Amino acid sequence: MRKNLLFISLLVNLLFILGCALALHRLGGWHYAWYRFQHDEAGLYHHRQQLFGQLPAQPGAIIFLGDSQTEQCEWRELLGPNLPILNRGIVGDHVDGVAGRLDEVLRHKPKQIFLLVGVNDLLFGKSVDDLEIRYREIVEKIIARVPATKIILESILPVNNSVKNVGIQNAQIQALNARITRIAQDHALPFVDVYSALTDENGDLSPLYTEDGIHLNAAGYMVWKRELMPFFE
25 MRKNLLFISL LVNLLFILGC ALALHRLGGW HYAWYRFQHD EAGLYHHRQQ
75 LFGQLPAQPG AIIFLGDSQT EQCEWRELLG PNLPILNRGI VGDHVDGVAG
125 RLDEVLRHKP KQIFLLVGVN DLLFGKSVDD LEIRYREIVE KIIARVPATK
175 IILESILPVN NSVKNVGIQN AQIQALNARI TRIAQDHALP FVDVYSALTD
225 ENGDLSPLYT EDGIHLNAAG YMVWKRELMP FFE
């Protein structure tokens with residue numbers, strides 16, 4: 025009896041292993057699995073970064089630099105086709121990621137850079153103190169390399185954990201926004217408080233502007249647009 029149970033157990037485990045191997049093969053094999061392990065978002069970050077490097081330089085561009093909240097908007101269509109806008113947002117990006125790809129951004133000698141990054145760093149558990157240091161380094165590198173470029177610092181956007189638990193609290197975001205405000209003041213840079221424009225009566229990202237508690241829907245981007253318009257020449 026025990027031998028039969030052992031045989032059945034081994035057979036079930038073997039079938040399970042074969043099933044997993046077949047599924048893995050259909051997805052692309054062990055090479056693909058290792059690639060997924062090494063690259064967030066199935067390598068989409070790397071793909072987008074590679075594409076940016078191959079595109080021609082556009083001197084005088086207006087660049088939106090940041091993470092998925094920036095990437096997911098069609099800025100040129102939203103703000104007007106006459107503005108030479110480049111979208112340099114990448115899903116999942118963070119402060120060190122932006123710092124690592126600044127060379128590609130600065131080769132355009134942009135007229136303006138709208139910078140918004142940091143929410144993913146908070147999700148990763150990075151301290152506000154460390155983020156302020158790295159944020160300052162980004163700003164100071166831009167100023168040193170392209171002093172004619174106007175930098176506009178944007179607030180980190182609020183979240184709504186009632187819509188969906190996103191793993192971060194607005195108190196953390198407000199603390200980081202206070203540091204970004206300080207950086208803007210220290211370097212005499214404009215600071216756009218998009219955060220306040222998107223909150224509801226509870227101080228959360230309004231459900232009118234999100235479906236997942238962290239990213240904006242179309243109505244949310246219309247609010248963002250309204251807050252940015254005074255900063256275009």
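Take the sequence shown: its letters are residues 25 to 257, numbered as in our numbering. Beta carbons: idealized from backbone N, C-alpha and C, even for Gly. If you're wondering where the values come from, they're calculated on a predicted model, not measured in any experiment.
(1) Could you tell me the boundaries of the beta strand (DSSP E) in which ASN111 lies?
(2) State whether the stretch 197 to 215 contacts the stretch 240 to 253, with contact taken as three or more CB pairs (one from each stretch) at a distance under 8 angstroms.
(3) Check THR94 in the structure and name its three-state DSSP category.
(4) Out of GLY124, GLY67, TRP99 and ARG131, which has the shortest C-alpha to C-alpha gap to LEU79?
(5) Helix, strand or coil, according to DSSP, for VAL218 in the structure here?
(6) Enumerated in chain order, which unbroken segments of the beta strand (DSSP E) with a length of 3 residues or greater are wholly contained in the stretch 164 to 212?
(7) Should the stretch 88 to 95 be called in touch with the stretch 117 to 125, which here means at least 3 C-beta pairs below 8 angstroms?
(8) Starting from the Cα of TYR69, find the closest Cα among PRO254, LEU42 and GLY124 and give me that residue.
(9) Which residue marks the beginning of the alpha helix (DSSP H) containing LEU146, and which one marks its end?
(10) Is LEU229 helix, strand or coil by DSSP?
(11) Report the three-state DSSP secondary structure of PHE76 (helix, strand or coil).
(12) Let me make sure I understand the geometry here. Which of ASP145, LEU102 and TRP99 has the alpha-carbon closest to that of ASN201?
(13) My understanding is that VAL141 touches VAL163, with C-beta atoms under 8 angstroms, so please give their C-beta distance in whole angstroms.
(14) Counting only C-beta atoms, is ASN241 closer than 8 angstroms to chain B at any point?
(15) CB-CB under 6 angstroms to THR223, same chain, minus the five flanking residues each way: which ones, in chain order?
(16) Just reading off the beta strand (DSSP E) that LEU139 is part of, what are its end residues?
(17) Give me the residue from ASN189, ILE204 and PRO171 with the minimum Cα distance to ASP154.
(18) Looking at C-alpha atoms only, which residue of ILE238, ARG169 and LEU75 is the closest neighbour of VAL190?
(19) Using the rule of at least 16 other Cβ atoms within 10 Å of the residue's Cβ for burial, across every protein chain shown, is PRO254 buried or exposed?
(20) Rounded to the nearest angstrom, how far is the Cβ of SER179 from that of TYR219, given a contact under 8 angstroms?
(21) If you draw a straight line from the alpha carbon of ALA81 to that of LEU126, how long is it in whole angstroms?
(22) What does DSSP give as the partner residue(s) for THR223 in the beta ladder?
On the basis of the supplied data:
(1) Position 87 of the sequence shown, counted from the first residue, corresponds to residue 111. If you look at ASN111, you'll find it in the beta strand (DSSP E) that goes 109 to 113.
(2) Touching, no.
(3) Here residue 94 refers to the residue found at position 70 when the sequence shown is read from its first residue. Helix at THR94.
(4) Along the sequence shown, read from residue 1 onward, the residue named residue 79 stands at position 55. If we check each option's Cα against that of LEU79, ARG131 comes out closest.
(5) Translated into positions along the sequence shown, residue 218 becomes position 194. The DSSP-derived three-state label of VAL218 is helix.
(6) You should have 174 to 178.
(7) Yes, the stretch 88 to 95 touches the stretch 117 to 125.
(8) Residue mapping note: residue 69 aligns to position 45 of the sequence shown, counting from 1. Closest by alpha carbon: GLY124.
(9) Stepping through the sequence shown from its first residue, residue 146 is reached at position 122. According to the DSSP assignment, LEU146 belongs to the alpha helix (DSSP H) that extends over 143 to 147.
(10) Taking the sequence shown and counting its residues from 1, the one referred to as residue 229 is at position 205. Note: LEU229 maps to strand in three-state DSSP.
(11) Translated into the one-based positions of the sequence shown, residue 76 becomes position 52. In the displayed model, PHE76 falls within a helix according to three-state DSSP.
(12) Position 177 of the sequence shown, counted from the first residue, corresponds to residue 201. For the residues ASP145, LEU102 and TRP99, the minimum Cα distance to ASN201 belongs to ASP145.
(13) For this step, residue 141 is matched to residue 117 along the sequence shown. For this step, residue 163 is matched to residue 139 along the sequence shown. With a Cβ gap of about 11 angstroms, VAL141 and VAL163 do not count as contacting.
(14) This model lacks chain B altogether, as it is built from one protein chain only.
(15) In the sequence shown, counting from the first residue as 1, residue 223 sits at position 199. Taken in chain order, the residues that qualify are PRO182.
(16) Here residue 139 is taken as the residue at index 115 of the sequence shown, counted from 1. Run containing LEU139: 136 to 140, per the beta strand (DSSP E) assignment.
(17) Here residue 154 corresponds to residue number 130 of the sequence shown, with the count starting at 1. Distance from the Cα of ASP154 is smallest, within the candidate group ASN189, ILE204 and PRO171, for ILE204.
(18) Residue mapping note: residue 190 aligns to position 166 of the sequence shown, counting from 1. Ranking ILE238, ARG169 and LEU75 by Cα distance to VAL190 puts ILE238 first.
(19) Translated into the one-based positions of the sequence shown, residue 254 becomes position 230. The residue is exposed, with fewer than 16 neighbouring Cβ atoms inside 10 Å.
(20) As a first step, residue 179 is located in the sequence shown; it is residue number 155 there, counting from the start. As a first step, residue 219 is located in the sequence shown; it is residue number 195 there, counting from the start. Indeed, because the Cβ distance is near 4 angstroms, the residues count as touching under 8 angstroms.
(21) Position 57 of the sequence shown, counting from 1, holds the residue named residue 81. Position 102 of the sequence shown, counting from 1, holds the residue named residue 126. Approximately 14 angstroms between the Cα atoms of the pair.
(22) Looking up residue 223 in the sequence shown gives position 199. Note: THR223 sits in a beta bridge opposite LEU229.
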